[in-house]
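Since the structure comes first, as structure tokens, the remarks are kept for the end.
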Amino acid sequence: MSNNELPEKVAADLILLNGQVLTMDAEATLAEAVVIKDNLLSYVGTNHGAKQTIGLKTHIIDLHGQVVLPGFIDTHNHLAISAVDSVAVDCSPEKVQSINEILQEIAVIAHGKPETAWLRGVNYDDARLIEKRHPTREDIDHVVPDHPVLLVHRGYHIAVINSAGMQILGITEETPPPTGGAYGRDSQTGKLNGILYENAWFDLWGKSNSPLNIDNEAFIKGVQKVCTQYIQTGITSVNDAWVGSSSFRGFQEALNRGLLPIRVNLHIINTHLDQLEEVGLLRGFGNSQLKIMAVKILLDGSVSGLTAALYKPYIGTNDTGILLMEKEKLAKLIERIHRLGFQVSVHANGDKAIDMVLDIFERVLQTFPRLDHRHRIEHCSLLSPERIQRIKALNLIPIIFAAYPYYHGDKIYPAFGLERVKWMMACRSLIDAGVTIAGHSDYPASPYNPLIAIHSLVNRRTERGSPFSPNQAITVYEALRMYTIDAAYASFDEQFKGSIEPGKFADLVILQENPLTVAKDKIKNIQVLMTIGNGKIIYQKDEKR
Ligand SMILES: [Zn+2]
């Protein structure tokens with residue numbers, strides 16, 4: 030039946046037979062078999078065709094009807110930040126339920142540490158703590174008075190420090206908050222409560238006394254740890270949407286040592302634009318595993334932290350969120366990034382922030398037209414019919430918070446209100462208008478598992494089961510596109526990945542069930558059985574039956 034005489038040079042390395050191969054190609058072709066040679070797909074089609082490539086050393090896997098998809102692409106998450114956070118106390122809702130539990134964990138790591146050493150907890154979620162609020166300086170001082178402590182909210186736009194931390198950073202009652210940032214104050218006493226919003230917190234990054242400084246070896250270990258988690262959910266590519274010099278160096282070293290199992294496109298922080306220009310770097314510099322893609326701008330706050338910049342206040346408050354940058358500065362930055370040939374990746378969540386971005390792109394693209402710019406609006410959370418038309422006319426790519434309707438919906442709904450929620454993560458309206466969109470987790474801001482994201486976009490129900498703008502629900506196939514071929518397009522990668530076609534990289538995920546036919550409310554429970562990256566099996570679920 031097979032041709033065992035095939036010389037090794039042309040024989041396949043790995044063959045997958047008897048599968049349901051959802052190729053995600055332009056014709057939505059369904060295939061039975063996939064052949065891998067070196068790191069590429071060399072054949073996609075029938076079992077019979079695939080068997081022609083069997084040689085003496087070919088590894089053959091019988092899928093027994095399991096589903097093959099292109100490896101998932103998370104178009105925006107924070108691998109570097111997660112690597113830095115991997116050495117901190119994990120305060121995510123899966124680990125702790127209350128502020129007291131967080132502080133007990135911090136107290137444990139305080140033992141034996143010098144009193145100048147920062148203690149760090151990450152990923153707490155105010156909405157999921159028993160107290161339903163952020164921890165404060167007073168809470169922390171009570172349990173850990175001597176060491177500086179930093180607790181970071183999972184949305185990453187808010188953090189809390191204690192009195193010892195404020196002292197090290199030189200923050201006093203009189204310190205004015207930086208532009209685009211705020212210091213929280215106790216509503217009764219008016220004193221600083223230790224909560225740092227937006228730039229008040231971002232300004233700590235990169236400082237010599239910053240709580241975020243970790244050494245290179247720890248960073249590389251962290252990258253490995255996080256990638257190991259990613260590949261268990263079928264992720265084979267990400268865009269890291271916030272890369273500075275130390276993480277850039279760390280990523281390169283991880284790659285050189287063979288410790289980067291997934292592909293990473295880098296969004297360099299805009300404060301490095303001078304250096305990028307000085308050394309003459311262009312978009313695409315690097316290789317298929319690690320390359321420079323975009324330059325990142327942060328314009329407003331977050332949806333999960335309720336700091337996105339809005340025209341009308343959050344329900345029941347006078348608060349309209351935070352803009353981190355003036356329009357003129359933003360305009361100069363976008364124009365410069367565009368003219369240098371990079372992809373612009375601008376974070377804009379609220380309606381007010383998105384309108385600013387659209388005004389600027391209209392001006393820049395009219396003055397300096399470029400057909401295939403693929404500039405991206407990261408999150409692009411609160412839209413309207415008019416905004417969608419402008420996005421379409423400018424050919425911008427909205428990068429949508431895919432897991433949010435499910436994972437953060439119960440918090441977002443009461444804060445934004447029904448009228449706005451109808452236009453949040455507005456996938457249906459965007460696709461109907463002919464806009465290409467891609468999905469992302471923004472991890473650690475929401476779970477990285479793409480199947481939770483696809484579940485969320487299709488079902489449009491919150492974790493507690495309430496409908497969340499069901500008018501914006503999309504089909505399973507459309508949601509899959511947002512994590513495969515359209516995600517590849519959002520990074521100029523559609524020639525190399527995002528679909529299962531001969532000549533593309535052999536990045537694949539094998540699922541136990543078919544998301545197109547399984548009950549829609551079960552999509553998030555589908556098991557990932559195997560992940561193949563660059564032609565190699567990089568994850569295999571151990572089969573204990
Ligand atoms: Zn982000």
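Numbering (the numbering used here), first residue to last: 30 to 574.
We put the CB at the ideal spot given by N, CA and C, even for glycine.
Own chain, CB closer than 7 angstroms to residue i, minus 5 neighbours either side, in chain order
{"i": "A117", "result": "R149, G150 and V151"}
{"i": "A422", "result": "none"}
{"i": "L362", "result": "N299 and I326"}
{"i": "P206", "result": "Y212 and A229"}
{"i": "N500", "result": "K451 and R457"}
{"i": "S31", "result": "Reliability fails at S31, whose pLDDT of 49 lies under 50, so the model's placement of it is uncertain and the value that follows must be treated cautiously. Excluding residues within five positions, the ones whose Cβ falls inside 7 angstroms are K80 and I83."}
{"i": "V255", "result": "L108, S111, A112 and S115"}
{"i": "V27", "result": "This structure leaves residue 27 out entirely; the chain is present only between 30 and 574."}
{"i": "D401", "result": "none"}
{"i": "I566", "result": "M559"}
{"i": "R449", "result": "L411"}
{"i": "N76", "result": "L46, N47, E61 and A62"}
{"i": "P531", "result": "L70, S71, Y72 and V73"}
{"i": "E523", "result": "I514 and A517"}
For residue i, three-class secondary structure by DSSP
{"i": "F534", "result": "strand"}
{"i": "F212", "result": "Going by the sequence as given, residue 212 is Tyr instead of Phe. In this structure, Y212 counts as strand in the three-state DSSP scheme."}
{"i": "L545", "result": "coil"}
{"i": "L311", "result": "coil"}
{"i": "A188", "result": "strand"}
{"i": "F430", "result": "strand"}
{"i": "T145", "result": "coil"}
{"i": "S601", "result": "There is simply no residue 601 to check, as the chain begins at 30 and stops at 574 in what is shown."}
{"i": "T575", "result": "Absent from the structure is residue 575, since the part of the chain shown begins at 30 and ends at 574."}
{"i": "N47", "result": "coil"}
{"i": "I584", "result": "The requested residue 584 is not part of the displayed model; the chain covers only 30 to 574."}
{"i": "V487", "result": "helix"}
{"i": "D119", "result": "strand"}
{"i": "M53", "result": "coil"}
{"i": "N68", "result": "coil"}
{"i": "H408", "result": "strand"}
{"i": "H176", "result": "coil"}
{"i": "N242", "result": "coil"}
{"i": "K26", "result": "Any question about residue 26 goes unanswered here, given that the chain covers just 30 to 574."}
{"i": "M385", "result": "helix"}
{"i": "F101", "result": "strand"}
{"i": "E160", "result": "coil"}
{"i": "N294", "result": "strand"}
{"i": "P205", "result": "coil"}
{"i": "R574", "result": "Bear in mind that the predicted position of R574 carries a pLDDT of just 40, short of 50, making it unreliable; the figure below should be weighed with that in mind. Looking at R574 - three-state DSSP - the assignment turns out to be coil, as it is neither helix nor strand."}
{"i": "K325", "result": "strand"}
Ligand 1 heavy atom lying under 6 angstroms from the CB of residue i
{"i": "A338", "result": "no"}
{"i": "D471", "result": "yes"}
{"i": "A517", "result": "no"}
{"i": "A270", "result": "yes"}
Close-in-space but distant-in-sequence residues of the same chain around residue i (CB under 8 angstroms, 5 per side omitted)
{"i": "I138", "result": "V118 and L148"}
{"i": "K142", "result": "L148 and H176"}
{"i": "Q418", "result": "A462"}
Close beta carbons around residue i, own chain, < 6 angstroms, minus the five adjacent residues each side
{"i": "V172", "result": "L132 and A136"}
{"i": "G330", "result": "H186, E227, T336, A337, G350 and I351"}
{"i": "P122", "result": "D154 and R157"}
{"i": "N190", "result": "Residue identity differs from the one stated: residue 190 is Ile in this sequence, not Asn. Cβ neighbours of I190 beyond the five flanking positions: L179 and G223."}
{"i": "E407", "result": "H105, S374, H376 and I428"}
{"i": "R574", "result": "Low confidence applies here, because R574 scores a pLDDT of 40, under 50, leaving its location unreliable; read the following figure in that light. Result list for R574: empty, nothing under 6 angstroms."}
{"i": "I89", "result": "I44"}
{"i": "H437", "result": "S333"}
{"i": "L387", "result": "R419"}
Minimum Cβ-Cβ distance from residue i to chain D less than 7 angstroms
{"i": "I169", "result": "The structure shown contains no chain D; it is built from a single protein chain."}
Nearest-angstrom Cβ-Cβ length linking residue i and residue j, presumed shorter than 8 angstroms
{"i": "Y72", "j": "T82", "result": "6 angstroms"}
{"i": "V63", "j": "I514", "result": "Their Cβ separation, rounded to whole angstroms, is 16 angstroms, which puts V63 and I514 out of contact at 8 angstroms."}
{"i": "E542", "j": "I555", "result": "5 angstroms"}
{"i": "G184", "j": "S333", "result": "4 angstroms"}
{"i": "S470", "j": "A444", "result": "Between A444 and S470 the Cβ distance is about 21 angstroms, and since that is not below 8 angstroms, they are no contact."}
{"i": "L328", "j": "L353", "result": "6 angstroms"}
{"i": "Y442", "j": "F521", "result": "That pair is no contact at about 36 angstroms."}
Query raised in the report: Are the region 378-393 and the region 339-351 in contact at 8 angstroms, needing three or more beta carbon pairs?
Result: In short, these stretches touch, since the Cβ pair count reaches three.
Query raised in the report: Does the count of Cβ pairs from the region 235-254 and the region 288-302 closer than 8 angstroms reach three?
Result: yes
Query raised in the report: Are at least three pairs of beta-carbons, each pair with one atom in the region 484-494 and one in the region 262-280, less than 8 angstroms apart?
Result: no
Query raised in the report: Would you say the region 42-59 touches the region 90-105, given that touching needs at least three Cβ pairs under 8 angstroms?
Result: yes
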